[in-house]
Amino acid sequence: MTTYIIRRLLYTIPIVLGVLLLTFVLFTVAGGDISLEIAGKGATQQTIDEIRQGYGLNKPLFFSWDSQFVNHFKNALTFDFGRARDREPVIDKIKRGVGPSLALTVPIFLGVVIISVGLSLIVAFVRGTVWDVLAVVICVAGMSVPYLSFILFGQYFLAYKWGLFPVFFSPDLSMARNVALPVLIGIAAGLGGNLRFYRTVMLDEMQNDYVRTAFAKGLTTRRVLFKHVLKNAMIPIITRVVLAIPFLFLGSLLLERFFGISGLGYLMVEAIGARDYFVIGAMTYVSAILFVVFNLITDICYVLIDPRVCLE
Amino acid sequence: MIELPKGRSLLKDGLRRLLKRKLATVCLVVIAAYFLLAGFIYLAEFFDWQIGPTLWQEQAGESYAPPSSKNIFGTDIFGQSVLRKTLYGAKISITVALCASLVSIAIGVPLGAIGGYFRGFIDEIIVWLYSTLSSIPYILLILAFAVVLRERSILGHKLTGITAVYLAIGLTSWVGICRLIRGEVIKHKDRDYVLAAVSYGCSRRRIIFRHLLPNVFHIVIIDFSLRFVAFIHAEVILSFLGLGEANRPSWGAMINDARMELSRGVWWQMAAATAAIFIISLALNIFGDALRDSLDPKLRTV
Amino acid sequence: MDNNSILLSVRNLSTHFFTAEGVVKAVQEVGFSIKKGQTFALVGESRCGKSTTALSIMRLVPSPQGKIIGGQIIFEGRNLLALSEKQMRAVRGNRIAMIFQEPMTSLNPVFTLGNQIAEAIKLHQKKRTRKAWAGAVEMLGKVGIADAAQRAREYPHQMSGGMRQRVMIAMAVSCRPALLIADEPTTALDAIVQAQILDLLDEQQKQNGMSILLITHNLGIVAQRADDVAVMYASRIVEVGDSQRLFAEPLHPYTRGLIYSLCVERDASCEKARFQSLTTHYALRRTKLIPGAVPEPLHFPAGCKFHPRCPTGYRDKRCQTFEPELKEVGPGRCVACWYAPGYE
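Chains as they are written, first to last, in the numbering used here: chain G, 1 to 312; chain F, 1001 to 1302; chain Z, 2001 to 2344.
Shown next, in the form of structure tokens:
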């Protein structure tokens, strides 16, 4: 097992390198010389040069030990993301934003997973009946409404018109009160696609021959679903669930913006507006690392659940 | 006389069964209607016809007039007809989604097929490439690309906002279809019909294009229809974030405007845009599902 | 035929599938009887309705498209089609068990073999886990798997095809059912293993006094192992009889066609008496294929379903218009053909 983990970790190195290369190319090479932008209009050549020196932009791009890319790489390894446009260290911004983001995304995630997996089992139970059709219709309808509309509808009716929730983030209220509505909206918007996916997984599993054998042994439908089908269905379910976790850390761009919650999503949107490549680059890198880590965790989970997976 | 059953190709058979389902046919009609509308607007702009949607800029009523017999969907802040704007928005959304789809298919399918068929080093490179891209969250990636591409020029041609958007979406979305195609090609590569083709001397290019791709192409079609929806929705989000068509009405921009309007009780612009998106998404989703059911040989009951 | 010796009696069974393309009449008015302790073979080509008949007896027809629309299945004094689902569950795996064609996919890949067999024992014999597991290991030993205690802890993918089928059989007979339905049990296995599995089934039958409903398209197996045979064609039974007489004197043109299409070589080294009588009878005939193809379920021909391919029937007005019923033409012999000797 340990050799497997080590081997997989080794395999992730080229990927991380790839991400670093991509962010580097995107922001430093294709993004152009930002020292001009930082200096602002009407700056003297001297100011611009100073800025360039300060950001290390006068060094060669790739081919030297002290090149920009090497520095980029070194900084990434030590998680030294430098400072943002407003001179605050990027790492501090990130640390500040994680909490609010998680307070939002974790409840949404848990809500969506528990409800959709549970419902998918029930729907598999009643497959073919009118309830199944109704569930599918609701899912497809939910998937067809743009996310933004969900947010706007929710914000308008539940908060603005009917006053059930605060319209915007308010420091006077508790965190729970502040995120209640966005969480609700997030769950509602996320249910459609997820429920449909898990339902398909369950139904696909039910097509398998071993289900027929299980019924032929005289087992009840409930037992067949919860014991035989669920364990096999766990493989695609776990894939989807675990791979969604890295994205929790990024917060929800839209929800945070609309409700004024200052998490990482909000940070991201601001950074885009301000063309703050340092922040964007740092966040991209962090999320890539998380993604890679959770991919590995998914693989380990496979091994634990599916006896067919052998560690070569 | 004894009648032997006639042979039917998988696609034709699938199409036949698809059209027999009334719901799928209705959805196809709806989708076609949207495409025709978009095409019509292009034509109208090219020939400078002054009718309907192309006149979206014209003042059709007072500012923020609610829906009435004069303007079925009311007017926006400038008094422009929301109906006309909604119709015009179809052109933008369809174009974005179509271009992005074509770009991602053009990149994803060949890469997937080559990687899947040849394996070895070239496959490792392709897998590395898409693993790297998919490690970065979709929205971040699109945003990153869009921001960077916005001020650039390609081959001397300056990229406007919306073109950058198509390109960004296409350049980041090829990963999904590439993975799918690669998986299928790997599965099919060891099948007997490929072995048979090799044994009578088929060139590798012929095997990939003439034998393998037609057998895996149904996946492209299904993925296309489902991804189209995702692209339309992505346009909405990108408009909200300020990257998108600035001077023309798009559904995303209309919903974006609604943020301010709703607090003033002006709901019709958002309702119209949401409804327009909802209908085409619904049609595409249902159609995509029906397509998958008819083209999947395993699901055949007879 | 005294009624005490009949275990299962199928009468007028009809099962239809309601698909988007139309109603598929998979099984139509099928009737036959299985005696206690005997092997009954249901023979026919692919897609003729044999598996659906078997699934109908177990009431495992895939719904909602599939539905048993008529008939009776009398087993141990009760009509299975009239039982509640709860009562039927007590029958499945317990009084009637079933094994399937593909042992790899028919076993749950994520549970151990011992677990899967013990599950059936726990359910029907109400034993505790430890006792059930011991029972499972014992069953594995009985079906000829060496090192049973170790094997019970392994998973299906670690076994060969033949061994998996043995496990399926162990699972099925663990509760000593009165009837075992074997749906093409050896089709997916290679020849040597096929014989081993069939021997195993014979053994189990002798030990437990179990009846076997053997579903197959392989006439060779039928000739060797079956006591009684029913031949199915396009959703109907066309001939029933005990296997020796059926092979010696096939009454229905389809049965005749099937038998004549086998190339049977005289094999002096073969020991089984039944097989030898077959070879002496047919050794000198050349093979003759039945012209045409099996009709599509959605486009069954009018009248007798076999008439387009029948040397007598394809020109005959009566065969083209009226479907012959399955009628008894002798003790234990039924046939559905207007021109069969003894018919009406």
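The C-beta atom is built at its ideal place from N, Cα and C for all residues, glycine as well. Predicted model, so just to flag it, every value in this text is computed and none were measured.
Z:Arg2092 - partner residues in DSSP beta bridges
The sequence position of residue 2092 of chain Z within the third sequence is 92, counting from 1. Its beta-bridge partners are Z:Ile2096.
Status (buried if at least 16 other CB within 10 Å, exposed otherwise) for F:Ala1283
Indexing the second sequence from 1 puts residue 1283 of chain F at position 283. Counting of Cβ neighbours within 10 angstroms places F:Ala1283 among the buried residues, the total reaching 16 or more.
My parser needs the alpha helix (DSSP H) runs of 4 or more residues fully inside the stretch 1198-1281 of chain F; what are they?
Runs of the alpha helix (DSSP H) inside the stretch 1198-1281 of chain F: 1213-1240 and 1251-1262.
Give every residue of the same chain whose Cβ lies closer than 6 Å to the Cβ of F:Tyr1064, excluding the five residues on either side of it in the sequence, and list them in chain order.
Translated into the one-based positions of the second sequence, residue 1064 of chain F becomes position 64. Contacts found: Val1266.
Per the DSSP calculation, Z:Tyr2233 is bridged to which residue(s)?
As a working note, residue 2233 of chain Z is residue 233 in the third sequence. In the DSSP output, where bridge partners are listed per residue, Z:Tyr2233 has Z:Arg2236.
Given 8 Å, three or more beta-carbon pairs between the stretch 1243-1257 of chain F and the stretch 1171-1182 of chain F:
Put simply, the stretch 1243-1257 of chain F does not touch the stretch 1171-1182 of chain F. Fewer than three CB pairs are less than 8 Å apart.
With a cut-off of 8 Å, does the C-beta of G:Leu219 fall near any C-beta of chain Z?
The residue labelled residue 219 of chain G in the question sits at position 219 within the first sequence. With 8 Å as the cut-off, G:Leu219 counts as an interface residue toward chain Z.
Considering just the uninterrupted stretch of the alpha helix (DSSP H) at Z:Thr2129, what are its terminal residues?
By 1-based counting over the third sequence, the position of residue 2129 of chain Z is 129. Element bounds for Z:Thr2129: Thr2129 to Lys2142.
Note down the Cα distance separating G:Asp276 from G:Pro307, rounded to an integer number of angstroms.
What you label residue 276 of chain G is simply residue 276 of the first sequence in a count that begins at 1. What you label residue 307 of chain G is simply residue 307 of the first sequence in a count that begins at 1. Using only the alpha carbons, I get a separation of about 48 Å.
What are the partner residues of Z:Glu2328, as DSSP defines its beta bridges?
To locate residue 2328 of chain Z, count along the third sequence from 1; it is residue 328. In the DSSP secondary-structure assignment, Z:Glu2328 is bridged to Z:Cys2334.
Assuming contact is defined by CB atoms lying nearer than 8 Å, are Z:Thr2052 and Z:Val2091 in contact in what I supplied?
Position 52 of the third sequence, counting from 1, holds the residue named residue 2052 of chain Z. Position 91 of the third sequence, counting from 1, holds the residue named residue 2091 of chain Z. In this structure, Z:Thr2052 sits away from Z:Val2091, with a CB-CB distance that is not shorter than 8 Å.
Taking 8 Å as the threshold (beta carbon to beta carbon), is F:Arg1259 in contact with chain G?
The sequence position of residue 1259 of chain F within the second sequence is 259, counting from 1. By this cut-off, F:Arg1259 is an interface position.
Return the bridge partner residues of F:Gln1059 from the DSSP annotation.
Within the second sequence, numbered from 1, the residue matching residue 1059 of chain F stands at position 59. Residue pairing by DSSP puts F:Gln1059 in a beta bridge opposite F:Gln1080.
Is any beta-carbon of chain Z found at less than 8 Å from that of G:Thr200?
Working through the first sequence from its first residue, we reach residue 200 of chain G at position 200. No, no contact with chain Z.
Tell me, please, which residues DSSP counts as bridged to G:Phe247.
Here residue 247 of chain G corresponds to residue number 247 of the first sequence, with the count starting at 1. Looking at the DSSP assignment, G:Phe247 forms no beta bridge with any residue, so it has no partner.
Please report the residue range of the alpha helix (DSSP H) in which Z:Gln2349 lies.
Nothing in the structure corresponds to residue 2349 of chain Z, since chain Z is present only between 2001 and 2344.
Backbone secondary structure at Z:Glu2083 - three-state DSSP:
What you label residue 2083 of chain Z is simply residue 83 of the third sequence in a count that begins at 1. Checking the sequence, you will find Leu at residue 2083 of chain Z rather than Glu. Of the three classes helix, strand and coil, the one that applies to Z:Leu2083 here is coil, per DSSP.
Suppose the cutoff is 6 Å on Cβ atoms and the five residues either side in sequence are ignored; what does the same chain contact list for F:Leu1133 look like?
For the purposes of this step, residue 1133 of chain F is identified with residue 133 of the second sequence, where counting begins at 1. Answer for F:Leu1133: Val1175, listed in chain order.
Alpha carbon of G:Phe69 to alpha carbon of G:Leu290, nearest angstrom
As a first step, residue 69 of chain G is located in the first sequence; it is residue number 69 there, counting from the start. As a first step, residue 290 of chain G is located in the first sequence; it is residue number 290 there, counting from the start. Cα to Cα, the separation comes out at about 22 Å.
G:Thr239: contacting residues in chain F (beta-carbon distance under 7 Å):
Locating residue 239 of chain G in the first sequence gives position 239, counting from the first residue. Correct list: empty, because the minimum Cβ distance to chain F is about 13 Å.
Inter-residue Cα distance where the pair is F:Gly1244 and F:Leu1238
What you label residue 1244 of chain F is simply residue 244 of the second sequence in a count that begins at 1. What you label residue 1238 of chain F is simply residue 238 of the second sequence in a count that begins at 1. Taking the straight line from one Cα to the other gives about 6 Å.
Does G:Ile15 have its Cβ less than 8 Å from a Cβ in chain F?
Within the first sequence, numbered from 1, the residue matching residue 15 of chain G stands at position 15. Yes, G:Ile15 lies at the interface with chain F (some Cβ there is under 8 Å from its Cβ).
Exposure of F:Ala1290, with buried meaning 16 or more beta-carbon neighbours within 10 Å
For the purposes of this step, residue 1290 of chain F is taken as the residue at position 290 of the second sequence. Looking at its Cβ environment, which holds 16 or more other Cβ atoms inside 10 Å, F:Ala1290 is buried.
Identity of the residue in Z:Val2137, Z:Leu2179, Z:Ile2290 and Z:Arg2128 nearest Z:Pro2308 by Cα
Reading the third sequence from its first residue, position 308 is the one you call residue 2308 of chain Z. Looking from the CA of Z:Pro2308, the closest CA among Z:Val2137, Z:Leu2179, Z:Ile2290 and Z:Arg2128 belongs to Z:Ile2290.
Positions along the stretch 120-152 of chain G whose CB lies within less than 8 Å of some CB in chain F
If the cut-off is 8 Å between Cβ atoms, the stretch 120-152 of chain G has Val140, Ala141, Met143, Ser144, Val145, Pro146, Tyr147, Leu148, Ser149 and Leu152 near chain F.
Less than 8 Å between the beta carbons of Z:Met2168 and Z:Pro2103, yes or no?
Looking up residue 2168 of chain Z in the third sequence gives position 168. Looking up residue 2103 of chain Z in the third sequence gives position 103. Between Z:Met2168 and Z:Pro2103, the gap from beta carbon to beta carbon is short of 8 Å.
Rounded C-alpha distance that separates G:Met268 from G:Asp204:
Sequence index remark: in the first sequence, residue 268 of chain G carries index 268 (1-based). Sequence index remark: in the first sequence, residue 204 of chain G carries index 204 (1-based). Cα to Cα, the separation comes out at about 39 Å.
Distance, Z:Glu2249 Cα to Z:Cys2319 Cα:
Reading the third sequence from its first residue, position 319 is the one you call residue 2319 of chain Z. Reading the third sequence from its first residue, position 249 is the one you call residue 2249 of chain Z. Spanning the two alpha carbons is a distance of roughly 22 Å.
Residue-level contact to chain Z via CB, G:Asn232, 8 Å cutoff
The residue labelled residue 232 of chain G in the question sits at position 232 within the first sequence. Output row for G:Asn232: interface = yes.
Residue nearest to Z:Gly2162 in terms of C-alpha spacing, selected from Z:Gly2135, Z:Asp2190, Z:Ile2181 and Z:Gly2342
By one-based count along the third sequence, residue 2162 of chain Z stands at place 162. Minimum Cα distance to Z:Gly2162 is reached at Z:Asp2190.
For G:Asn194, which residues from the same chain have a beta carbon less than 7 Å from its beta carbon, with the 5 sequence-adjacent residues on both sides left out?
To locate residue 194 of chain G, count along the first sequence from 1; it is residue 194. Only Val112 and Ser116 meet the Cβ criterion.
Sort Z:Lys2067, Z:Gln2224, Z:Ile2192 and Z:Arg2151 by Cα distance to Z:Leu2024 and report the nearest one.
On the third sequence, residue 2024 of chain Z is found 24 positions in, with the first residue counted as 1. Residue identity differs from the one stated: residue 2024 of chain Z is Val in this sequence, not Leu. Of the listed residues, the one whose Cα sits closest to Z:Val2024 is Z:Lys2067.
Do the CB positions of G:Ala244 and G:Phe27 come within less than 8 Å of each other?
Numbered from its first residue, the first sequence carries residue 244 of chain G at position 244. Numbered from its first residue, the first sequence carries residue 27 of chain G at position 27. Cβ distance not < 8 Å, so G:Ala244 and G:Phe27 don't count as in contact.
Return the first residue and the last residue of the beta strand (DSSP E) that Z:Gly2070 is part of.
Indexing the third sequence from 1 puts residue 2070 of chain Z at position 70. Boundaries of the beta strand (DSSP E) harbouring Z:Gly2070: Gly2066 to Phe2075, taken from the DSSP string.
Between which two residues does the alpha helix (DSSP H) containing F:Ser1023 stretch?
Position 23 of the second sequence, counted from the first residue, corresponds to residue 1023 of chain F. Ser is not the amino acid found at residue 1023 of chain F; the sequence shown has Leu there. Taken as a continuous stretch (DSSP letters only), the alpha helix (DSSP H) holding F:Leu1023 covers Lys1022 to Phe1047.
Residues of the stretch 180-210 of chain G in Cβ contact with chain Z at a cutoff of 8 Å, in chain order, please.
From the stretch 180-210 of chain G, only Asn208, Asp209 and Tyr210 have a Cβ closer than 8 Å to chain Z.
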